[in-house]
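Participant:
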Amino acid sequence: MAAARAIFHSPLEQRVHADWVRLGENVAVDVSVEAAERALEASPDHLINLVSPAYDYVGIGVAHGADGGVYVVQEFMQLASGPPRQPAPAPPPPAVPKRRAPAPARPRSSPERPPLPSLRPLASSAPPQPSSRLTDVFGRLREFDAAVTRSRHH
25 MAAARAIFHS PLEQRVHADW VRLGENVAVD VSVEAAERAL EASPDHLINL VSPAYDYVGI
85 GVAHGADGGV YVVQEFMQLA SGPPRQPAPA PPPPAVPKRR APAPARPRSS PERPPLPSLR
145 PLASSAPPQP SSRLTDVFGR LREFDAAVTR SRHH
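Basically this note's numbering = 1-based index in the sequence shown + 24.
#1: Report the residue from Glu49, Phe32, Ala170 whose alpha carbon sits nearest the alpha carbon of Val75.
#2: Quick test of the definition: if touching needs 3 or more C-beta pairs under 8 Å, does the segment 93 to 101 touch the segment 45 to 64?
#3: Quick check on His70: buried or exposed, where buried means 16 or more other Cβ atoms within 10 Å of its Cβ?
#4: To the nearest angstrom, how far is it from the Cα of Ala42 to the Cα of Ser56?
#5: Between the Cα of Ala171 and the Cα atoms of His88, Phe100, Glu99, which residue gives the shortest distance?
#6: With H, G and I counted as helix, E and B as strand and the rest as coil, what does DSSP make of Arg46?
#7: Can you grab the Cα-Cα spacing for the pair Glu99 / Gly85, in whole Å?
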């Protein structure tokens, strides 16, 4: 995406050869990993992929484009027989950005397999939040992004 200077979805159903039930993908471009993360979390359609308890695995890629954009892709997978689930503690809500973030591309779920039933609404009225593991991954990506950005300016 960074080389093409455009965001687009990949054909996950053609690339993933595991015995999957559900695939999803979020893509975004922004000025930093943190800004892309905020934009994806602010989008209800993208947040569904981020907080879905159905997904067993997530892969995240980041590339810095020659155009100055930071390209982010998040790929999600639910295996037919996933690992046992451990309940994760609820993370604190993220800070609300003061500026409106650019709209990321629409999320995509694989059309080849029937979608799972809709998730039950949460008991509380608070919006769903990314898992603590995903929040940790984004924290490490922000640190990496800052290190890459510093090295490019020196």
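Beta carbons are placed, not taken as given, at the ideal position from N, Cα and C, and that holds for glycine. Remember, predicted model here, so these are calculated numbers, not experimental data.
Facilitator: Reading off the structure:
#1: As a first step, residue 75 is located in the sequence shown; it is residue number 51 there, counting from the start. Val75 has its Cα closest to that of Glu49, out of Glu49, Phe32, Ala170.
#2: yes
#3: What you label residue 70 is simply residue 46 of the sequence shown in a count that begins at 1. Its Cβ being crowded by 16 or more others within 10 Å, His70 is buried.
#4: Counted from its first residue, the sequence shown places residue 42 at position 18. Counted from its first residue, the sequence shown places residue 56 at position 32. Those two C-alpha atoms are separated by around 32 Å.
#5: For the purposes of this step, residue 171 is identified with residue 147 of the sequence shown, where counting begins at 1. The shortest Cα separation from Ala171 among His88, Phe100, Glu99 belongs to His88.
#6: Numbered from 1 along the sequence shown, position 22 holds the residue referred to as residue 46. Strand at Arg46.
#7: In the sequence shown, the residue the question calls residue 99 occupies position 75. In the sequence shown, the residue the question calls residue 85 occupies position 61. The straight-line gap from Cα to Cα measures roughly 9 Å.
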